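2 protein chains.
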Amino acid sequence: MQTRESCLHADRQDPLARLKPLFSLPPGVIYLDGNSLGAMPKTAHARSTQVIAQEWGVGLIRSWNAANWFDLPSRLGNKLGRLIGAGDDEVVVTDTTSLNIFKSLAAALRIQQRAHPERRVIVSERDNFPTDLYMIQGMIDLLQQGYALRLIDSPARLEQAVGEDVAVLLLSHVNYRTGHMHDMAAVTSAAHRHGVLAIWDLAHSVGAVPVDLAGAQADFAVGCTYKYLNGGPGAPAFIWVAPRHRDQFWQPLSGWWGHSRPFDMAADYRPAGGIRRYLCGTQPVVSMALVECGLDIALEADMAQVREKSLALTDLLIALVQARCQGHPLTLITPRDHGVRGSHVSFSHPQGFAVMQALIARGVIGDYREPNLLRFGITPLYLGFADVWDAVEILKDILDTGNWDQPAFHQRTPVT
Amino acid sequence: MQTRESCLHADRQDPLARLKPLFSLPPGVIYLDGNSLGAMPKTAHARSTQVIAQEWGVGLIRSWNAANWFDLPSRLGNKLGRLIGAGDDEVVVTDTTSLNIFKSLAAALRIQQRAHPERRVIVSERDNFPTDLYMIQGMIDLLQQGYALRLIDSPARLEQAVGEDVAVLLLSHVNYRTGHMHDMAAVTSAAHRHGVLAIWDLAHSVGAVPVDLAGAQADFAVGCTYKYLNGGPGAPAFIWVAPRHRDQFWQPLSGWWGHSRPFDMAADYRPAGGIRRYLCGTQPVVSMALVECGLDIALEADMAQVREKSLALTDLLIALVQARCQGHPLTLITPRDHGVRGSHVSFSHPQGFAVMQALIARGVIGDYREPNLLRFGITPLYLGFADVWDAVEILKDILDTGNWDQPAFHQRTPVT
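Going down the list, the protein sequences come from chains A and B.
Be aware that the first sequence starts at 19, since it is given in my numbering, and climbs by one per residue.
Be aware that the second sequence starts at 19, since it is given in my numbering, and climbs by one per residue.
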């Protein structure tokens, strides 16, 4: 597409365009950060009013049964499972991605303590999303059983890293910085050949790229609902456990929601059958209920169409930046190969932070990631081809005029 | 108070009566279950609209900074700390009570591994809220280091149970069934005399009874915000760590929110200074934001007045049931002694479940707890003396007429 007119034409042909009106997007904004916090489904406000004013305000404690609050993790989990190749009673929406990593890692290590008791290595990637690494480090420090974390520096090193001393491989399916996507089936198969269990973090893939956990014979998966699933800020995460592993272990965050009969108030923990044993404590109902608004839209979309549009939009973004911003020091770090590309595109720029602030000031909202990365999330449910065209034109203008080099755009908000 | 008129008079004299209009309560309901799910502050709906429609819908990703979402655990924690005798940067609102028990237990055990490496016993009460016991069991099973849980059957056995083999004592300050309240300072002091660290679960006390963690020299505390603090269904919980312990240990649920510089995206975990190291993953912002509505009301109340009214109302409930329901098989299991009574009152009745269903059908909402307990929560912020009078009259009518003995009132909803 070489002109804005051709982009508008593509938007008119887009079978997913019917979904964009289901989201509320502020005027004057091109939102390229839906891979960090997804946009708001228009149903969210009415749903929150229902939960707060009616279910809480009027129903009060009765709503645990009458409004099926207690069942939310399973009901949402079953819906979400359809997006990732999982069956019923294989997914619960609950807690945070970090915590679900802890649960799945504990379970995987316990399984390996029986199968391969001598294995003490957990493998991940150095530029995996940090919380994945931190949770592994926390587990290693807690167990004091001689486990070690082995980090690989490149996806190409994966095969040689999963040797006979490795218990568990924990990877993000799509890398949060580069947008590189692993071949889940191939990597899982390689892991299994070496007796290694595979845990997949789907934070940057669920709702954005096709995922088939059963087909890939994955062991565990976790992910978040507030990115491409548009579940709301900090919305609860999810966990999937392969049915063959599900009943083997009581996971260590064994709170009362995972008990087989929670209201018996028995002193001894007895894990629920099925995936509910991966629940722990009482869940934040309002945030949880909002997840359903985003899920219901995701389930209306055909994933093949989502993938096709995602690749077309990321192709367009890459091509337009190359054509329109040449001469500026932008370096694409996202793979050009469709087979290993997720749904966001990152470019490095020596002044990436300031350039991104200048873009945001002009209404093009992407985000910045260390070091020097401009990151643009492509969300096929509510982004169009002309949006990408307009975003690149604004980027070109900022770079051509040097308008990013203002003191305000260099100022970093300290996070404490 | 022997008449409804005298109750109405007491309501007119009540200095806390000014707070009742701040809550939304459905007409025709006498709500005696605020110790399970607190009532809705009237500000909650407007606050949720602000967070959802404005901060999420319009602000999108920018709200992490612009609306201070990232700071919510600390800001709410500092407010909550004022209710429990804690200073600034000693409390965060985050995750669930169950998870915060896991964090504090891990930290306490780690401290003891240095101070008393041979100790392998964790003490609690058999009728502690089950999730407390389940989390201990999960930790023991995970660590495989020979830890054991010792359960005592009566608070009177406490002193002899905390011997020289005990590492940690984990108690609920107020028992969820009986309403018995421990003397936190005395029990903690006894624990410390034996070299034992004390973790307090404040779920049934925060906002309901005076708590002074610093004065009691407690070691760790956790609790929930959706009971007497009226934070909303399943609202995030909190954790407090004594400043002397706070910087000693990186807790094992070491997600990126607890990192000293989370947005550096470094591969190695380095815990934040202060209580933020007890954070783990991204928090559910909508549910979190609503906690502030309830906290702000709690902070308007004088805790001495709350306690005085709580004792007056529980005294009244006990006296009226004794006077008006005599001849019926109700047995008080809550202590009469003010010094060891929390803010709810429980009676056993051989058909407790059916009696409670009949009460709820008449608009008197308490709850049922195994075995055979009618439990009535007394929330001084929005309950009055005439409410208690009316509730007992309805109870008397149900018992006198035998109206509880209908098939519908015996039917239990299965929880799966």
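A virtual CB, placed ideally from N, CA and C, is assigned to each residue, including glycine.
Please read these numbers as outputs of a predicted model, since none were measured by experiment.
- Taking 8 Å as the cut-off, the beta carbon of residue 402/A is found no closer than this to the beta carbon of residue 51/A.
- For residue 380/B, there is no enclosing beta strand (DSSP E), as DSSP marks it with neither H nor E.
- Taking the beta carbon of residue 298/B as reference, the chain A residues within 7 Å of it are 114, 116 and 117, listed in sequence order.
- At a cut-off of 8 Å between C-beta atoms, residue 54/A counts as an interface residue with respect to chain B.
- Chain B has no Cβ within less than 8 Å of the Cβ of residue 246/A.
- Checking the DSSP bridge columns, you'll see residue 239/A partnered with 218/A and 258/A.
- The distance from the Cβ of residue 396/B to that of residue 335/B is about 7 Å, consistent with a contact at the 8 Å cut-off.
- Residues of the same chain with a CB within less than 6 Å of the CB of residue 125/A, apart from the 5 flanking positions on each side, are 267 and 269 in chain order.
- At a cut-off of 8 Å, the C-beta of residue 302/B has a neighbouring C-beta in chain A.
- For residue 268/B, the closest Cβ of chain A is nearer than 8 Å.
- The beta carbons of residue 272/B and residue 153/A sit closer together than 8 Å.
- In this structure residue 317/B is exposed. Its beta-carbon is surrounded by fewer than 16 other beta-carbon atoms within 10 angstroms.
- Across the structure, residue 25/B and residue 38/B are spaced so that their CA atoms are roughly 16 Å apart.
- Distance between residue 148/B and residue 363/A, taken at the CA atoms: about 48 Å.
- Counting the other CB atoms within 10 Å of its CB gives residue 222/B a total of 16 or more, which places it among the buried residues.
- Remark: C-beta atoms of residue 118/A and residue 246/A do not approach each other more closely than 8 Å.
- When 99/B, 360/B and 312/B are compared, the shortest CA-CA separation from residue 191/B is found for 360/B.
- DSSP places residue 365/B inside the beta strand (DSSP E), whose first and last residues are 362–366.
- In terms of Cα proximity to residue 98/A, the closest of 55/A, 321/A and 161/A is 321/A.
- In this structure, residue 216/A places its C-beta atom within 8 Å of the C-beta atom of residue 205/A.
- Using a CB distance below 8 Å, the part of the segment 249–269 of chain B facing chain A consists of 250, 251, 252, 253, 254, 255, 268 and 269, ordered along the chain.
- Within its own chain, the residues whose Cβ lies closer than 6 Å to the Cβ of residue 109/B, once the five positions on either side in sequence are excluded, are 95, 98, 99, 256 and 258, listed in chain order.
- Contact annotation: in the segment 31–48 of chain B, residues whose CB is within less than 7 Å of a CB in chain A are 42 and 44.
- Runs of beta strand (DSSP E) with 3 or more residues, each lying fully within the segment 247–306 of chain B, are found at 256–259, listed in chain order.
- The straight-line gap separating the alpha-carbon atoms of residue 75/A and residue 23/B is approximately 29 Å.
- For residue 45/A, the closest C-alpha among the options 19/B, 36/B, 72/B and 358/B is that of 72/B.
- The beta carbon of residue 230/A lies closer than 6 Å to those of 103 in the same chain, with the five residues before and after it left out.
- For residue 394/A, there are no neighbours in chain B by C-beta distance under 9 Å, as the nearest C-beta there is about 12 Å away.
- In this structure the segment 60–72 of chain A touches the segment 57–69 of chain B; the number of beta carbon pairs closer than 8 Å is three or more.
- In terms of Cβ geometry, residue 399/A and residue 315/A form a close pair [threshold 8 Å].
- No Cβ of chain B is located within less than 8 Å of the beta carbon of residue 223/A.
- Taking a contact as a CB-CB distance under 8 Å, the pair residue 305/B and residue 253/B counts as one, their CB atoms being some 5 Å apart.
- The DSSP assignment places 202–211 as complete runs of the alpha helix (DSSP H) inside the segment 188–217 of chain B, in order along the chain (cut-off: 4 residues).
- Comparing C-alpha distances from residue 390/A to each of 189/A, 365/A and 312/A shows the shortest one belongs to 365/A.
- Between the alpha carbons of residue 21/A and residue 49/A lies a distance of about 21 Å.
- Between the alpha carbons of residue 128/A and residue 157/A lies a distance of about 12 Å.
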